[in-house]
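For the sequence shown, position 185 (counting from the first letter as 1) is numbered 187 according to this note's numbering, and the numbering increases by one without interruption.
Every residue, glycine too, gets a C-beta built ideally from N, C-alpha and C.
None of the values given here were measured: they were computed from a predicted structure.
Some notes on the structure that comes next.
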Amino acid sequence: AYDALMVRRDKPEVVQVTGLGEKEIKKLVHDYLKEIRKNFPNEDDEKAFYDKVKLGNPLYILVALEELRVFGEFYKLADRIKQLPHNVPDLFDQVLKRIEDDFSEPLVRDCMAFIACGRQGMTAEELQGLLFAHAPQQDAMAAQLDKLPDMIWARLYRAFRSYLFDRSGVIDFFHGQLKEAVGKRYLKKEVDRNAIHKIIADYFE
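As structure tokens, then:
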């Protein structure tokens with residue numbers, strides 16, 4: 003399950019969501035923690051996490067672990083575990099909200115919407131061009147930019163790296179359920195979808 007969900011980023015996988023048994027859950031968690039060289043700070047936090055993931059959905063487990071990995075404040079880990087939603091769609095929605103807080107809601111919204119509305123994803127160059135409006139305009143040099151600055155793009159892509167795949171330079175969602183969460187959060191209304199499609203069409207013209 004770990005290999006299928008997190009390692010083969012060159013190729014999206016169709017994931018059969020079948021509940022793992024207790025031993026399989028523990029192995030999945032152990033392998034993940036071993037790779038990032040981390041562990042739960044105490045037995046109470048470890049037990050709380052295993053209680054949260056007891057249904058055994060491998061995608062949920064790995065996204066939840068990734069959220070704990072980037073959280074960083076280990077003395078508040080118990081509270082963070084409690085705040086994890088109980089299903090994958092809500093968990094991905096929480097991921098989007100966290101990254102919005104790290105950057106800005108409009109930047110994250112547009113980036114995700116462009117990928118979702120692209121025929122087969124987007125290249126980094128296309129996304130940086132489409133996200134030009136979010137480039138800082140603080141000085142004359144910045145005003146001459148025609149794309150989102152490389153430094154901001156690199157940080158944004160790194161924030162989503164575990165959930166995207168790059169196939170021959172084309173970036174797309176690694177998990178279909180993230181695309182569904184993006185649609186629900188940013189593209190619920192037809193007018194929003196139409197606006198994104200028009201921006202993409204104008205860009206390619």
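When you compare the CB positions of residue i and residue j, do they come within less than 8 Å of one another, or not?
i	j	result
Val184	Ala115	yes
Leu133	Asp112	yes
Gly131	Tyr205	yes
Ala118	Lys181	yes
Ile202	Gly120	yes
Ile101	Val90	no
Ala126	Ala80	no
His88	Pro108	no
Gln210	Val55	Examination of residue 210 is not possible in this model, given that the chain is present from 3 through 207 alone.
Leu35	Asn44	no
Val31	Leu57	no
Arg187	Leu98	yes
Quick check on residue i: does DSSP put it in helix, strand or coil?
i	result
Phe167	strand
Phe175	strand
Ala142	Reliability fails at Ala142, whose pLDDT of 45 lies under 50, so the model's placement of it is uncertain and the value that follows must be treated cautiously. Residue state, collapsed to three classes: helix.
Tyr188	helix
Where does residue i land, buried or exposed, given buried means 16+ other C-beta within 10 angstroms?
i	result
Asn196	exposed
Val193	exposed
Glu37	exposed
Asn59	buried
Glu128	buried
Val72	exposed
Tyr165	buried
Arg177	Note on residue identity: the sequence assigns His, not Arg, to residue 177. The residue in question, His177, is buried, as its Cβ has 16 or more Cβ neighbours within 10 Å.
Arg160	exposed
Arg157	exposed
What are the partner residues of residue i, as DSSP defines its beta bridges?
i	result
Met153	Met153 pairs with nothing; no bridge assigned.
Ranges of the alpha helix (DSSP H) found wholly within the stretch 72-118, counting only runs of at least 4
79-85 and 90-104
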